[in-house]
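The listed protein sequences correspond, in order, to chains A and B.
To convert, count from 1 in the first sequence and add 433; that's this note's numbering.
To convert, count from 1 in the second sequence and add 433; that's this note's numbering.
This report refers to the structure that appears directly beneath it.
Number of protein chains: 2
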Amino acid sequence: MSKILIVDDEDKIRDIIKKYATFDGYEVEEASGGLEAVSKCREKEYDIIILDIMMPDLDGFSVCKEIRKKTNTPVIMLSARGEEYDKIHGFEVGIDDYVVKPFSPKELMMRVAAILKRTSAPSTESIEVGGIKIDFSARIVYVDGVKTDLTPKEYDLLFYFAKNKGIALTREKLISNVWGYDFYGDDRTLDTHIKLLRKNLGKYNTYIVTLRGVGYRFEENTPEE
Amino acid sequence: MSKILIVDDEDKIRDIIKKYATFDGYEVEEASGGLEAVSKCREKEYDIIILDIMMPDLDGFSVCKEIRKKTNTPVIMLSARGEEYDKIHGFEVGIDDYVVKPFSPKELMMRVAAILKRTSAPSTESIEVGGIKIDFSARIVYVDGVKTDLTPKEYDLLFYFAKNKGIALTREKLISNVWGYDFYGDDRTLDTHIKLLRKNLGKYNTYIVTLRGVGYRFEENTPEE
DNA sequence: AATCGGTGTGATGAAGTTTTGAAAATTTTT
DNA sequence: AAAAATTTTCAAAACTTCATCACACCGATT
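This is how it looks when you write it as structure tokens:
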């Protein structure tokens with residue numbers, strides 16, 4: 434789920450946006466000033482930033498410039514002034530959109546969605562764990578750079594493991610997440626697919642660690658030679 | 434240089450935008466109505482479309498919907514009305530931005546630049562994948578240099594595949610993008626067209642990879658091993 | 001060392017998907 | 001208006017994947 438950073442010195446404004454954003458399923462963080470926003474962006478990566486222009490400590494343009502030095506996170510500006518100068522200035526700094534106050538929260542969220550759709554689409558999402566690479570957009574798994582064909586269930590299982598790397602996963606959790614909460618099946622079904630997946634992972638089969646009496650954990654470790 | 438299509442029934446508006454766009458170095462084409470816009474988009478590919486909502490023959494939303502069936506060209510809407518309804522509706526159809534009339538041409542061009550920068554998909558008249566060449570402007574496909582006649586649906590399908598090379602495409606995605614989001618048809622229709630397209634691609638039929646339980650992926654691979 | 005409960009494995013038929021051919025329906029062309 | 005081309009529907013066939021089972025295996029506990 435996408436993470437949004439809301440930057441505004443007015444609590445009221447932040448609250449309203451937060452309410453709408455949370456409702457739409459976004460993960461929300463707040464900053465009440467420009468300096469706080471910059472430091473937050475240093476620590477963490479956001480998917481989009483909603484940024485007020487007028488703030489007492491550091492104005493939105495400066496914040497945007499600072500952020501752009503490191504990342505390319507999309508920025509939507511909130512402008513209290515409606516002047517063209519501001520708008521253009523905003524674009525020159527490299528903002529992605531702007532909304533003039535007073536604004537409709539619904540419209541703002543529409544713009545957020547539109548930008549996220551644009552920016553997140555072309556990025557080839559992939560995870561790499563040890564010598565295993567999972568390309569989500571192509572739905573291809575590479576083991577040591579070699580394309581490996583997995584069946585749907587094997588892929589889903591690996592996908593879930595990769596997303597929860599290093600976490601102990603109970604059998605129940607694995608089954609309800611990969612098969613579906615309503616799967617009523619044999620005890621050995623999961624084992625069997627673990628077996629198949631391990632076989633396909635070749636020397637990395639040790640990445641799937643058996644937790645006796647609990648379930649499994651996916652982790653990067655040094656395969657035996 | 435990027436190609437812009439300006440769609441508005443008012444000559445004055447088109448002229449103004451054209452003046453600014455030409456000054457900024459864009460290649461400009463015009464359409465004075467929705468129908469003309471749609472037919473122009475069928476023949477040629479633009480990098481961005483500036484689209485008025487209110488037009489006598491076919492309104493902007495319908496034009497956008499029609500265009501989106503085939504391509505993913507960015508669209509900026511010109512809205513004479515400032516109502517929120519229009520804005521939201523526009524985004525749902527899949528527009529990239531909108532500007533409310535009366536607008537500042539400078540601002541409009543800023544938005545054009547911002548979107549083009551993001552979508553910076555190099556404008557091409559044709560795509561070549563393996564031994565398959567697709568000439569968009571002529572709507573002709575060559576397999577190993579030999580012109581191959583495809584039916585409209587086959588072409589649309591191949592076109593969508595080629596634009597999304599290497600990406601796993603679900604059946605739903607393929608159907609809603611090639612047939613239209615409102616297609617309510619048989620489950621096996623897609624398969625049948627895949628079959629027909631594969632036949633026409635000759636030895637390159639393996640380029641369309643079946644992803645069991647998911648959909649298909651178009652990729653360049655080495656036929657025969 | 002024997003037991004016991006949980007885990008790994010190969011085989012197999014069942015279930016689910018895709019492919020295919022052919023015919024019906026629709027649209028376009030003549 | 002008929003003919004041709006295209007698209008869609010349908011059902012059987014081919015194919016892949018899956019769940020299940022029986023049994024081997026392993027590791028902890030007694």
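Just so you know, even glycine gets a beta-carbon here, dropped at the ideal spot from N, CA and C.
- Item | Helix, strand or coil at residue 570 of chain A [DSSP, three-state] | coil
- Message: Can you check which of these residues, B:499, B:575, B:579, is closest to residue 612 of chain B by C-alpha distance?
- Response: B:499
- Message: Checking 9 Å against the spacing of the C-beta atoms, do residue 565 of chain A and residue 590 of chain A come in under that value?
- Response: no
- Item | Touching by the beta-carbon criterion (3+ pairs, under 8 Å), the region 459 to 473 of chain B and the region 560 to 577 of chain B | no
- Item | Euclidean distance between Cα positions of residue 599 of chain A and residue 653 of chain A | 8 Å
- Beta-carbon proximity list for residue 631 of chain A, same chain, < 8 Å, skipping 5 on both sides: 638, 641
- Item | Chain-ordered chain A contacts of residue 423 of chain B [CB-CB under 8 Å] | With chain B covering only 434 through 658, there is no way to say anything about residue 423 of chain B.
- Task: From the DSSP output, in three-state form, read off residue 652 of chain B for me.
- Result: coil
- Query: Taking the C-alpha atoms as reference points, what is the distance between residue 588 of chain B and residue 629 of chain B?
  - Reply: 11 Å
- Task: Would you give the residue range spanned by the alpha helix (DSSP H) that residue 530 of chain A belongs to?
- Result: Run containing residue 530 of chain A: none in the alpha helix (DSSP H); it sits in the beta strand (DSSP E), 530 to 533.
- What residues from chain A crowd round residue 644 of chain B, counting only those whose CB sits closer than 7 Å? 572
- Message: Our contact map puts residue 649 of chain B next to residue 655 of chain B with C-beta atoms below 8 Å; I'd like the distance itself, whole angstroms only.
- Response: Actually they do not touch by this definition, with Cβ atoms about 18 Å apart.
- Query: DSSP on residue 463 of chain A, reduced to helix/strand/coil?
  - Reply: strand
- On the three-state DSSP scale, how would you describe residue 561 of chain A? strand
- Query: Can you name the start and end residues of the beta strand (DSSP E) that residue 481 of chain B belongs to?
  - Reply: 481 to 485
- Task: List the residues of chain A that residue 650 of chain B touches, going by C-beta distances under 9 Å, in chain order.
- Result: 571, 572, 573
- Message: Counting C-beta neighbours from all protein chains within 10 Å, is the total for residue 617 of chain A 16 or more, i.e. buried, or is it exposed?
- Response: exposed
- Using the C-alpha atoms, what's the distance from residue 548 of chain A back to residue 445 of chain B? 31 Å
- Task: Return helix, strand or coil for residue 603 of chain A, following the three-state DSSP convention.
- Result: strand
- Ordered along the chain, which non-local residues of its own chain (more than five positions away) have a Cβ less than 7 Å from that of residue 601 of chain A? 644, 647, 648, 650
- Contact between the region 474 to 482 of chain B and the region 569 to 577 of chain B: three or more CB pairs below 8 Å? yes
- Taking residue 580 of chain A as part of the beta strand (DSSP E), name the residues at either end of that continuous run. 579 to 581
- Of the residues that make up the region 588 to 608 of chain B, which ones have a beta carbon closer than 8 Å to any beta carbon in chain A? 599, 600, 601
- Query: In three-state terms, what does DSSP make of residue 554 of chain B?
  - Reply: Bear in mind that a pLDDT of 45 at residue 554 of chain B, under 50, signals an unreliable position, so the number given afterwards is only what the model happens to contain. In the structure shown, residue 554 of chain B sits in coil (DSSP, three-state: anything other than H, G, I, E or B).
- Counting pairs of beta carbons, one from the region 535 to 549 of chain A and one from the region 575 to 588 of chain B, are three or more of them closer than 8 Å? no
- Look at the alpha carbon of residue 615 of chain A and the alpha carbon of residue 609 of chain A, and state the distance between them as a whole number of angstroms. 7 Å
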